[in-house]
Amino acid sequence: MPLKFERDANGAFKTAPPDAVLPKDGDKVAVLYTSYGNIILRFNADKAPKHVAQFQKLVEEGFYTGTKFHRVIPGFMIQGGDPNSKDDDRSNDGMGGYMKDGKEVNVPAEFNDTRHIRGILSAARSNDPNSASSQFFIMVATNEGLDGQYSAYGQVVAGMDVVDAIVNLPRDMGDNPLEDNPATIIKAEIRTWPLEELK
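Each residue of the sequence shown is one higher than the last, beginning at 24 in our numbering.
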């Protein structure tokens, strides 16, 4: 699964959101290889260290492999990271999380001053602020109502066109992409920036 992203005259990725900040050399990034293309995410460990640590741990354990983006809302966001989405039973998609010793592992809220603008990676949760587990969402547009209410912990630096393709998939009444068009995470990796194949 080769990583290929076009750059502009200044070296920025053409598929980055407008306010994307490139990682610094030596920073950890996540690469999501999806059925619609690849997405590179940088992390804001200074803003939400526990969420970053949980996400990186789950990526390294292969937790996200085979999960689907089970909720896509044009003009809002795409949501994934639910282990329940790995099977064909769509009725429980969006209800799962990372389990250890029979209990869901939750991450305490790390609300911060990161704005929920296009390309931001944030933690999905229930009404309980401390209920985030493995599910995450990527913004496709600004939503100020989420600012300070959800733990934002990263940003797309390349592959926003893939996010746009996923958010526009045909979907059912529950905003889940239809069965014949699943958006699957084929593989996810934690890599060190800069990525050799993108130099």
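All residues carry an ideal CB built from backbone N, CA and C; glycine is no exception.
- Residue environment: residue 54 is assigned as buried (16 or more neighbouring CB atoms within 10 Å of its CB, all protein chains considered).
- Going by C-alpha positions, residue 159 is about 6 angstroms away from residue 104.
- Here residue 77 carries a helix assignment [DSSP, helix/strand/coil].
- Pairing residue 188 with residue 59 gives a Cβ-Cβ distance under 8 angstroms.
- Here the alpha carbons of residue 202 and residue 98 stand approximately 22 angstroms from one another.
- Inter-segment contact for the segment 87 to 94 and the segment 203 to 212 is present: three or more beta-carbon pairs are separated by less than 8 angstroms.
- Residue nearest to residue 171 within the set 152, 115, 64 is 152 (criterion: CA-CA distance).
- From the listed residues 182, 173, 197, the smallest Cα separation to residue 71 is found for 173.
- If you look at residue 162, you'll find it in the beta strand (DSSP E) that goes 159 to 162.
- Shortest Cα-Cα distance from residue 163 to any of 31, 42, 28, 36 involves 42.
- Only buried fits residue 183, as 16 or more other CB atoms lie within 10 angstroms of its CB.
- Ranked by Cα distance from residue 117, the first of 137, 138, 147 is 147.
- Per DSSP, the beta bridge partners of residue 200 are 194.
- Secondary structure of residue 138 (DSSP, three-state): coil.
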